[in-house]
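For any residue, its number in our numbering is found by taking its place in the sequence shown, counting from 1, and adding 12. Yeah, the Cβ is synthetic: ideal placement off N, Cα and C, and Gly gets one too. In this text the structure is predicted, and so the values were computed from the model without any measurement. Take a look at the structure set out below.
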Amino acid sequence: MIQVSKPYLPKKEKYLKYIDYIYSNNYLTNNGPLLQKLEKSLQRYLGVENVILVSNGTIALNLVYRALNLTGNVITSPFSFVATTSSLVSDGLVPNFVDIDFNHLNIDVDRIASSINENTSAILPVHVFGNPCRVEDIQDIANKNDLKVIYDGAHAFGVKYNGESLLNYGDATTLSFHATKIFHTIEGGAIITRNNDLAQHIRYLINFGIEDEDNIPYIGTNAKMNEFEAAMGLAVLEDIDFIMKRRKEISEKYTDALKNLVTLQDTSSENNMELNHSYYPIILRSNEEMFSLRTFLNEHQVNPRRYFYPSLDTLPYLNSTQIMPNSRDISSRILCLPIYPDLKDVEQNTVINLITRFFNS
Ligand SMILES: *Cc1c(COP(=O)(O)O)cnc(C)c1O
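Listed below in structure tokens is the structure:
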């Protein structure tokens, strides 16, 4: 079966080099030398000021909410991975959904202002599939209404916007380094911020709220990344240029072959951008067409994924009265195709030929 994604494993020797180091110094976790090295390497690679490594991308979101003292409701996108919404709910915050732009698949910025109320404390947009949100417009709205901006940047690793890292926008951006993501540490995540005070506060929170030996002023948690995870990150980072290049090649080949058969996410912009090709979503004409294509591909050993489904405004535990028609519609007919560095040319050709056959039959 050709799966939608496959975790990237660097050559074993690359990883073992770091594991040998761990065995020689006996430092397994708690802000260890490999973690510090990875933070510095990522700062340089991404072009950002503070990288705080944590145990996963979901706790990264929770930590930012807590450090910024968010209350009440948070404006967010219903078209995302469930963690974007569930992390709010688990911290006692209420998601206030704003529907997505039909073409770009990101939160529709033109609808944000009218959704703000006296209990809104922040905006939590998602750079869906690595496609940048309208970050300047979002910041304008936030400034006018005294709101914080946190980006769920789980898909936005390495994306450039106006010649700099997209991750530099907002009060903070969170990343996920889960095994299936473009860059990974097996499990892991990070918080990116230009605010040094916020960065320091979060560093206390990930270590039980401990400030120093004698003071524990904050309600912290345990969100530490360990040295074995940092080792994987360092080994994967050695190959990042290859990973990015292969993804771009695969993405461009899909686009050449499929652009007249299916609808693609609109990634056009007046801004100068460099995307990361983290996913390859295709949008079918209807829910029925999506299901029949998926069945056809499954029968031929290809497993695309319904990503994102379901639309988050339908989560049962929210009992939400908000209905997001664009998000529900797109969720019902989107599939993500296999894209990962090890995908072989013949495998991609198989996927393309099958989809072409499906539409010509
Ligand atoms: C993967 C993902 C997360 C969660 O990250 P984990 O590291 O798996 O906890 C959050 N938001 C989005 C958009 C994601 O894709």
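Assigned exposure category for residue i - 16 Cβ within 10 Å defines buried
i, result
"valine 110", "buried"
"glutamate 51", "buried"
"glutamine 313", "exposed"
"threonine 333", "exposed"
"glutamate 311", "exposed"
"valine 94", "exposed"
"lysine 160", "buried"
"tyrosine 30", "buried"
"glycine 104", "exposed"
"valine 363", "buried"
"serine 339", "buried"
"threonine 197", "buried"
"isoleucine 231", "exposed"
"phenylalanine 189", "buried"
"valine 377", "In the structure displayed, the chain extends from 13 to 373; residue 377 sits before or after that span and is not available."
"isoleucine 71", "buried"
"serine 280", "exposed"
"threonine 96", "buried"
"phenylalanine 371", "exposed"
"serine 99", "buried"
Inter-residue spacing [alpha-carbon to alpha-carbon] between residue i and residue j
i, j, result
"serine 17", "asparagine 174", "29 Å"
"arginine 258", "tyrosine 321", "27 Å"
"lysine 260", "isoleucine 194", "12 Å"
"aspartate 224", "lysine 49", "22 Å"
"asparagine 315", "glycine 142", "22 Å"
"valine 66", "glycine 200", "6 Å"
"glutamate 359", "phenylalanine 303", "21 Å"
"aspartate 278", "histidine 116", "5 Å"
"glutamine 151", "glycine 44", "35 Å"
"tyrosine 221", "isoleucine 228", "Looking at the sequence provided, one finds glycine at residue 221 rather than tyrosine. Between glycine 221 and isoleucine 228, the C-alpha separation is close to 6 Å."
"phenylalanine 254", "aspartate 354", "10 Å"
"aspartate 122", "serine 89", "13 Å"
"leucine 28", "glutamate 239", "12 Å"
"serine 290", "asparagine 155", "31 Å"
"tyrosine 181", "serine 373", "46 Å"
"threonine 41", "asparagine 208", "23 Å"
"threonine 307", "glutamate 300", "11 Å"
"threonine 132", "leucine 249", "38 Å"
"asparagine 38", "methionine 237", "16 Å"
"leucine 251", "proline 350", "Checking the sequence, you will find aspartate at residue 251 rather than leucine. Cα to Cα, the separation comes out at about 20 Å."
"threonine 185", "methionine 13", "35 Å"
"valine 274", "leucine 330", "33 Å"
"methionine 256", "valine 106", "36 Å"
"aspartate 226", "alanine 134", "34 Å"
"leucine 296", "methionine 336", "19 Å"
"cysteine 348", "tyrosine 216", "38 Å"
"aspartate 120", "serine 36", "52 Å"
"glutamate 286", "asparagine 272", "23 Å"
"asparagine 137", "proline 328", "The sequence given here has proline at residue 137, not asparagine. Going from the Cα of proline 137 to the Cα of proline 328 covers about 22 Å."
"arginine 206", "isoleucine 64", "11 Å"
"isoleucine 367", "lysine 23", "33 Å"
"asparagine 361", "arginine 317", "18 Å"
"glutamine 15", "leucine 21", "16 Å"
Nearest to residue i (by Cα), restricted to the options the options
i, options, result
"isoleucine 34", "Ile262, Glu241 and Asn331", "Glu241"
"glycine 59", "Ser177, Ala154, Val363 and Phe254", "Ser177"
"asparagine 62", "Gly221, Leu210 and Val86", "Leu210"
"histidine 139", "Leu276, Glu286 and Ala168", "Ala168"
"alanine 235", "Thr326, Ile214, Asp226 and Asp357", "Ile214"
"serine 263", "Thr368, Asn288 and Ala243", "Asn288"
"arginine 345", "Thr326, Lys356 and Pro293", "Pro293"
"glutamate 148", "Ala269, Gly84, Asn108 and Glu282", "Glu282"
"proline 19", "Phe114, Met244 and Asp268", "Met244"
"isoleucine 128", "Lys23, Gly84 and Gly69", "Gly84"
"glutamine 55", "Asn74, Ala202 and Asp158", "Ala202"
"leucine 82", "Asp158, Ile367, Leu324 and Arg318", "Asp158"
"lysine 356", "Lys265, Arg317 and Thr326", "Lys265"
"leucine 75", "Ile112, Ala125 and Asn219", "Asn219"
"aspartate 325", "Ser298, Asn68, Ile124 and Ser92", "Ser92"
"asparagine 118", "Asp183, Gly165, Tyr352 and Gln15", "Gly165"
"lysine 172", "Tyr57, Ile87 and Asp183", "Tyr57"
"leucine 73", "Tyr163, Ala269 and Asn365", "Tyr163"
Contact with chain D by residue i, beta-carbon distance below 8 Å
i, result
"serine 263", "Here there is only one protein chain, and chain D is not present."
- Write down every uninterrupted run of the alpha helix (DSSP H) in the region 45-119 whose length is 4 residues or greater and which is fully enclosed by it, in chain order. Whole alpha helix (DSSP H) segments, 4+ residues: 45-58, 69-79 and 94-102.
3-residue-minimum beta strand (DSSP E) runs that sit fully inside the region 122-172, ordered along the chain: Complete beta strand (DSSP E) runs here, min 3: 132-136 and 160-164.
**3 or more residues per run - each beta strand (DSSP E) lying fully within the region 242-297** = With a minimum length of 3 residues, the unbroken runs of beta strand (DSSP E) contained wholly in the region 242-297 fall at 293-295.
Notebook entry, point to check: Among all residues, which have a Cβ less than 6 Å from at least one non-hydrogen atom of ligand 1, and in what chain order do they fall?
Noted result: Every residue with a CB closer than 6 Å to a heavy atom of ligand 1 is listed here in chain order: Asn68, Gly69, Thr70, Ser92, Phe93, Ala95, Thr96, Val138, Asp164, Ala166, His167, Ser188, His190 and Gly201.
Can you give, in chain order, each stretch of the beta strand (DSSP E) that sits fully within the region 167-233 and has at least 3 residues?
List check, beta strand (DSSP E) in window: 184-188 and 201-205.
Original post:
In chain order, which beta strand (DSSP E) runs of at least 3 residues are fully inside the region 285-370?
Top reply: With a minimum length of 3 residues, the continuous beta strand (DSSP E) runs that stay inside the region 285-370 are 293-295 and 346-348.
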